[in-house]
Amino acid sequence: MRIIITDDYAELSQRAAEFVAQALCAKPNLVLGLATGSTPVGLYDELVRLENDGELDFSQVVTFNLDEYLGIPEDHPQSYHHFMEEHLFGRLRERPRATHIPPAQPDDPLAAAEAYEQQIRAAGGIDLQVLGIGRNGHIGFNEPGSSLASRTRPVVLRAETIRDNARFFDSPADVPRYALTMGIGTILEARRILLLASGPNKAEAVARAIEGPVTAACPASALQLHPDVIFLLDAAAAAELQQADYYRHVEQLTRELQQRHARSHGAGQSVNVVPFAGRSS
Ligand code: GLP
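Using this note's numbering, read the sequence shown as starting at 393 and increasing by one per residue.
Set out below in structure tokens:
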């Protein structure tokens, strides 16, 4: 696991955009997994800026979003379809080659879930998956209690998630009770995972995900099983990590060794620097 603790949300968003840009430059037809929520908004702002400036090109990219509410129209202002248009797709000079978001009103949610899995497989799997984290440790809409091997499926949202997401709706009663989400097993198949967390209300979930046991009680803890996961945190979200000083030290060393490696081998090479950090590039 690579754990990067940034000073604030602006730096977190900047670093997140660097990881996406690096992946996109290395593979123009990147299969990119995307997340919603307030956390990745700064990342999307930065990607839009880079694309509008001609520094990034999404025209060959294929995207897959993690999840969508079930039961609201896709043009509802709080649907994740709407979110993606508003924050990313609709602001690009040239849209990605294909964008996928689970349907919000499928006739048959089970069939829609299987079709989504099939679409991911047909695209060759996800190269880089961006994730946020819920206060209860959920990833996508995989609530505590989700199987760590779960696949894309309809799920029932927990009361705390409905409360947390009520801020986006007129009233808590308007928040959908169900969603269609990639499973934890689906997410773990992404070749690289970039989890973003910002603010003090994520600190406990982040500490459980990184330093707690691997358990269905904290879905994000399943990421400990992934060989190439990056936790990109701001200082507030990292505040409850017991080993924060150690992670900072590891990251400083990782960057120094990467720079030295890039100088001797040219940029774009990857290097395994410290066993703790896993694969890095
Ligand atoms: C929702 C989404 C998650 C997201 C979480 C946190 O529940 N389904 O994918 O990570 O919210 O959102 P925020 O970034 O707004 O805290």
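Positions of the beta carbon are idealized from the N, C-alpha and C atoms, including for glycine.
Would residue i and residue j be called neighbours here (beta carbons separated by less than 8 angstroms)?
| i | j | result |
| --- | --- | --- |
| Ile576 | Pro611 | yes |
| Ala363 | Ser656 | Not covered by the structure: residue 363. The range shown for the chain is 393 to 673. |
| Ala496 | Pro469 | no |
| Leu624 | Leu649 | no |
| Asp637 | Arg583 | no |
| Leu572 | Asp459 | yes |
| Ile622 | Gln521 | no |
| Ala628 | Pro592 | yes |
| Val454 | Leu416 | no |
| Leu462 | Tyr570 | yes |
| Ala505 | Arg550 | no |
| Asn534 | Glu552 | no |
| Val440 | Arg487 | no |
| His492 | Phe450 | no |
| Pro432 | Gly524 | yes |
| Gln635 | Met393 | no |
| Leu709 | Ala503 | Residue numbering for the chain in the displayed model covers 393 to 673; residue 709 lies beyond these limits and cannot be assessed. |
Might you give, ordered along the chain, the residues of its own chain that have their beta carbon closer than 8 angstroms to the beta carbon of residue i, omitting 5 neighbours on each side?
| i | result |
| --- | --- |
| Glu632 | Ala595, Glu596, Val598, Ala599 |
| Ala402 | Gly434 |
| Asp399 | Asp626, Ala627 |
| Asn421 | Gln452, Val453, Val454, Arg489 |
Quick check: does the Cβ of residue i come within less than 7 angstroms of any heavy atom belonging to ligand 2?
| i | result |
| --- | --- |
| Ser613 | Absent from the structure shown: ligand 2. Ligands present: ligand 1. |
Can you tell me which residues form a DSSP beta bridge with residue i?
| i | result |
| --- | --- |
| Glu460 | Leu572 |
| Arg584 | Leu520 |
| Arg527 | None; Arg527 has no bridge partner. |
| Ala490 | Val454 |
| Pro546 | Leu572 |
| Asn534 | Ile531 |
| Phe623 | Ile395, Leu587 |
| Ile610 | Looking at the sequence shown, residue 610 is not Ile but Cys. DSSP output for Cys610 lists Thr607 as bridge partner(s). |
| Leu615 | According to DSSP, which records beta bridges pairwise, Leu615 is partnered with nothing at all. |
Among the residues of its own chain, which have a CB less than 6 angstroms from the CB of residue i, if the five just before and after it don't count?
| i | result |
| --- | --- |
| Ser613 | Ala601, Gly604, Val606, Thr607 |
| Ile396 | Leu624, Glu643 |
| His530 | Pro611 |
| Ser405 | Gly434, Leu435, Glu438 |
| Ala589 | Ile525, Val598, Leu625, Ala629 |
| Met574 | Leu458, Gly532, Thr544 |
| Thr578 | Arg543, Thr544 |
Taking buried to mean at least 16 other C-beta atoms within 10 Å of its own C-beta, is residue i buried or exposed?
| i | result |
| --- | --- |
| Ala490 | exposed |
| Ala418 | exposed |
| Ser471 | buried |
| Leu435 | buried |
| Gly532 | buried |
| Gly658 | exposed |
| Arg485 | exposed |
| Asp626 | buried |
| Ala408 | buried |
| His641 | exposed |
| Val675 | Within the shown structure, residues of the chain are numbered from 393 to 673, placing residue 675 beyond reach of any answer. |
| Pro619 | exposed |
Nearest chain B C-beta to residue i closer than 8 angstroms, yes or no?
| i | result |
| --- | --- |
| Arg655 | This model lacks chain B altogether, as it is built from one protein chain only. |
For residue i, which residues of its own chain have a beta-carbon under 7 angstroms away from its beta-carbon, when the five flanking residues on both sides are left out?
| i | result |
| --- | --- |
| Gly516 | Val423 |
| His479 | Val433, Tyr436 |
Q.
Closer than 8 angstroms is the cut-off here; do at least three beta carbon pairs connect the segment 474-482 with the segment 509-517?
A. No, the segment 474-482 does not touch the segment 509-517.
Q: Would you check if there are 3 or more beta carbon pairs closer than 8 angstroms linking the segment 434-447 to the segment 554-561?
A: Flag = no, the segment 434-447 and the segment 554-561 do not touch.
Q) Per the contact definition of three or more C-beta pairs closer than 8 angstroms, is the segment 633-649 in contact with the segment 421-429? A) No contact exists between the segment 421-429 and the segment 633-649.
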